[in-house]
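Below is one structure, written out as structure tokens; comments come after it.
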Amino acid sequence: MRTRSSAPLCLLAPVLVSCGLFGPEYLEIREVTVGPTLARGQGAGPQSCMVVDGEFFYDGIEGFTWEAGYDHRLRIGKHDPWGGKEPPQDAGRYAYRLLELLDKTPAPSTPATLSQ
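First residue of the sequence shown? That's 2 in the numbering used here, and the numbers climb one at a time after it.
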């Protein structure tokens, strides 16, 4: 009885993964710093949001859990969860996913971090 080698499939799998066939295709991959405190932002109403690279960030980051008192350095991927279609009116155009936690360091003590 003759069996087929799985070598061609093993060689093809990384190519398929890198083409985005088994997950989202990232429109952008970037490194960001998430601050140690949440900010009071304004969307449909008052809400808390993360501070990413010094600016309010109203979206979540899939796979990331924010922790008060720490600066987080992340590599994140931006993707279109709607596959090019129009998102619902109350949803963002893009979604973000944690690709790698690069660094997590205690933030310097400030009145804002001490009150968390």
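Don't be surprised by glycine CBs; every beta carbon is placed ideally from N, CA and C.
Check: V33 to D72 span [Cα, whole Å]; Outcome: 10 angstroms
Check: Alpha carbon of I62 to alpha carbon of A96, nearest angstrom; Outcome: 7 angstroms
Check: Cross-strand partners of D104 (DSSP beta bridge); Outcome: R74
Check: Cβ-Cβ separation, I30 to G85 (assumed contact under 8 angstroms), whole Å; Outcome: With 8 angstroms as the limit, G85 and I30 do not qualify as a contact, their Cβ atoms being about 19 angstroms apart.
Check: Y97 (DSSP reduced to helix, strand or coil); Outcome: strand
Check: Extent of the continuous beta strand (DSSP E) run through Q48; Outcome: 47-53
Check: Separation of G70 from P82, as counted between CA atoms; Outcome: 31 angstroms
Check: Residues near P107 by beta carbon distance below 7 angstroms, same chain, minus five either side; Outcome: G70, Y71
Check: L103 versus D54: straight-line alpha-carbon distance, rounded; Outcome: 15 angstroms
Check: For I30: DSSP bridge partner residues; Outcome: G78
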